[in-house]
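In the numbering used here, the protein residues as written are 2 to 738.
Spelled out as structure tokens, the structure:
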């Protein structure tokens, strides 16, 4: 800055002398005003620079001979250049055209001046993102320079670099690299190894490699640029911040998040010191740091930095609202990872409000936003809104010619999953199949995503009790997972388990056992010995052994499950109760009433503590205990527990009346065993009343009831009524013979 002030002072003193000693339209005044303007422009005092250039222009305009001179062309270039710096690109082009008109009409055009004008056109069109026009003018510049300059001249390096930057903007990275390497070849030979211009060249080469996804090479050249800038006493700190940012971005793509964060923070340290606190570049830097924290699952810091970015963008008058929408979206995604669904929804909706306003209704970014919102609704179990938003996303993707079909398949899959949660199996199956059609077409036949899709389809068939189709699709999933070298074996174990479940429901116990044991083999190898998933697997195997009447093996596996559940602090108490009950049932089948009673009572202890007093499961548990007491000839306790069961079932509006009838029958049998015929008769009649109401008049189950009632009346010497009930029993038996 000191050198610029000295130069400015010198030019202004010179101008003062010239204004006294020279005519007001003298060419030297034009040169002085242009020199002063150039200094002010380099100090970013654009309005003062413009004022000085305009004075030069006025002199040219008032002197017809001077107006067509090189001085006028230079002035127009200066005016264009300051308008470019002020981002008034159309005005800049207008002045460059005036400069070009003078230069092309000259009988002896200066090649260097003409090259400068072409270069100015290139710079401005590049700033306007009109890359083809920029390229055209940069190539014109290069043509002239090649004809007039040595092949290793520094200006050629500038042109090569400019062309490389345009190709980079056009995403033609191999061509960009080729031109940056041409610039590098000249600069490496002509410049000192610590030249800042060489640092810029390394940075440009790094960017070309970055665009080509060759991150190792990109990092190599970005770090060369950093090494030069860090050692330079005359560096522009903000250029060093850009280099740090580029290194950070490269590490990010290499999944080296801690290194990425380190360099983003180096960039931030400079930018916070050098930029105003509301500068949008700071917002971008905060966003970059936030994304690293998010990737490292440090969600609290991620939110903190995203909010810093948002604070700047919300206050900025020149903000890009779509960038703000991206920040809102990222905050939503981070809150979603933190399971803060209401905050996630809030920020996704803020993002949506901007995107719906700024984007066309068929923009794929909108589809992504709708999907994000849908996923939060799904997590909040608001399935209706989830489906609604997923369908909005699908509507856009189905109509889009540039849609990624696999993204559409993901949307279909998510809709299927949501309908599944709503127990709308028909719609779930419909959308899982839509997803499958795309994935079978687009993915290799051994892709694990296909295995997941087959599994999803199978699960719906299972829910619809179409076990044959369920097994068919589960087996497709298994075929892929068994062959995959990158499979998660626990997913394969889940598939085996699901096939076992389906075979179990089809009463194909040997097949069910086979697949449960395949699942167990993996889970015992992959899971800790106290994992609750193992307990479930042992229970599944035990239930099949129980169905096969192999009660000994059933008990063995139930006990394995119980041992895990009893030790687990995170167990589901009711699952443990189910295991106890199942062990009780197995012992009952083995006529080991003592052990059966022990486990039924263990189940009851949990259920009485956890379930409401009128739960039907308690009624069943009381019945089981009662039946054990009866078998052990403890008729008093049998009656006590049957009454507990009856009390619940009589009050239940959702109970199965035939279960109540069974309880009535069983308590009647217990009363008969202690020769309490009056109570026995009361309960037999209660049982009969339900059976007559619920069953046909010739149902075989009525026979023992009629006979038992007849027997009691007979023992009470009421022969006529006894005969009446014996007759009813006989009539049914005659229909069966």
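Glycine is no exception: its CB is placed at the ideal position from the N, C-alpha and C atoms. The structure presented is a predicted model; accordingly, all values stated were derived computationally and were not measured.
For residue 42, the uninterrupted alpha helix (DSSP H) run begins and ends at 28-43, by DSSP. Secondary structure note for residue 606: its alpha helix (DSSP H) is the uninterrupted segment 594-611.
A contact between stretches requires three or more CB pairs, one per stretch, nearer than 8 Å, and the stretch 315-327 fails this requirement with the stretch 294-304. Relative to residue 35, the option among 51, 45 and 21 whose CA is nearest is 51. Along the length of the stretch 511-593, whole beta strand (DSSP E) runs at least 3 residues long do not occur. Contact annotation, residue 681 with residue 669: C-beta distance approximately 5 Å; criterion of less than 8 Å satisfied.
Taking C-beta atoms as the reference points, residue 498 and residue 479 fail to come closer than 7 Å. Contact between the stretch 155-171 and the stretch 129-138 is established, with three or more Cβ pairs separated by less than 8 Å.
Judged by DSSP secondary structure, residue 314 falls within the alpha helix (DSSP H) whose first and last residues are 300-316. For a cut-off of 8 Å, the C-beta gap from residue 46 to residue 83 is around 10 Å, too long to register as a contact. Taking the CA atoms as reference points, residue 652 sits about 10 Å from residue 616. When the alpha-carbon of residue 107 is set against those of 91, 74 and 90, the nearest one is in 74. By the neighbour-count criterion, in which 16 or more other beta carbons inside 10 Å mark a residue as buried, residue 97 falls on the buried side. Taking C-alpha positions only, residue 328 is separated from residue 573 by approximately 41 Å.
The alpha-carbon of residue 53 is positioned some 7 Å away from that of residue 37. With a contact defined as Cβ atoms closer than 8 Å, residue 337 and residue 345 qualify at about 4 Å.
In the displayed model, residue 509 falls within coil according to three-state DSSP, outside both helix and strand.
Non-local beta-carbon contacts of residue 443 in its own chain, meaning distances under 6 Å to residues more than five positions away in sequence, involve 406 and 407 in chain order.
The way I'd put it, the stretch 247-266 doesn't touch the stretch 229-237; fewer than three beta-carbon pairs between them come closer than 8 Å. For residue 206, the enclosing alpha helix (DSSP H) starts and ends at 197-212. In terms of CA proximity to residue 279, 316 leads the group 255, 269 and 316.
Per DSSP, residue 453 is one residue of the alpha helix (DSSP H) stretching across 449-464. Take residue 5, set aside five residues on each side of it, and the residues of its chain with a beta-carbon closer than 7 Å to its own are 40, 43 and 44, in chain order.
In the three-state DSSP reduction, residue 297 falls in the coil class, being neither helix nor strand. At the C-beta level, residue 536 and residue 559 stay beyond 7 Å of one another. Under the DSSP assignment, residue 84 falls in the alpha helix (DSSP H) whose first and last residues are 71-86. In the structure shown, residue 408 falls within a helical segment according to DSSP collapsed to helix, strand and coil.
Scanning 686, 277 and 208 for the CA closest to the CA of residue 251 turns up 208. The DSSP-derived three-state label of residue 696 is coil. In the structure shown, residue 236 falls within a coil segment according to DSSP collapsed to helix, strand and coil.
In the assembly as shown, residue 637 is an exposed residue. Its beta-carbon has fewer than 16 other beta-carbons within 10 Å.
Classified as exposed, residue 340 has fewer than 16 neighbouring CB atoms from the shown chains inside 10 Å of its CB. A straight line joining the alpha-carbon of residue 715 with that of residue 723 spans about 5 Å. Closest in alpha carbon position to residue 476, among 451, 649 and 284, is 451. By alpha-carbon distance to residue 219, the top candidate from 193, 190 and 255 is 255. Separation of residue 418 and residue 457 (C-alpha to C-alpha, rounded to the nearest whole angstrom) is 8 Å.
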